[in-house]
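Shown next, in structure tokens, is the structure this report addresses.
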Amino acid sequence: MTLPPKKITCTCGHVMELTQSSDWCTKCVKKVYYHTKDRHKNKLNGIYIIFIIVMVFGFLTYIFTEMIAGPLMILESLSK
Ligand SMILES: [Zn+2]
805 MTLPPKKITC TCGHVMELTQ SSDWCTKCVK KVYYHTKDRH KNKLNGIYII FIIVMVFGFL
865 TYIFTEMIAG PLMILESLSK
């Protein structure tokens, strides 16, 4: 989607003219956003992704203890 050209100042101070929602800064190769709220949305998205990773990791730990560690402990107690 092409947007009307808008001058955006990157965090490094480089001024860019954007015609799309986001682009890479030609000077510092950082992501530059057409709408400043998009940057905030992306930050929230990052937190959400971290949350999902933590949840998945926790779930995998649970599965591991239930499916592997649990039966192993039963087998160990049976072998005695
Ligand atoms: Zn920059």
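In terms of the numbering used here, the sequence shown opens at residue 805 and continues consecutively. No residue lacks a Cβ here, since even glycine has one placed at the ideal position from N, Cα and C. None of these values were measured; they are calculated from a predicted model.
Distances from the CA of C829 to each of K845, G817 and H839 were compared; the closest alpha carbon is that of G817. The beta carbon of C814 sits closer than 8 Å to those of M820, C829, K831, C832, K834 and V836, all from its chain and outside the five residues before and after it, given in chain order. Within the same chain, and ignoring the five residues on either side of L822 in sequence, the residues whose Cβ sits closer than 6 Å to its Cβ are K810, I812 and Y838. Taken through DSSP and simplified to helix, strand or coil, S826 comes out as strand.
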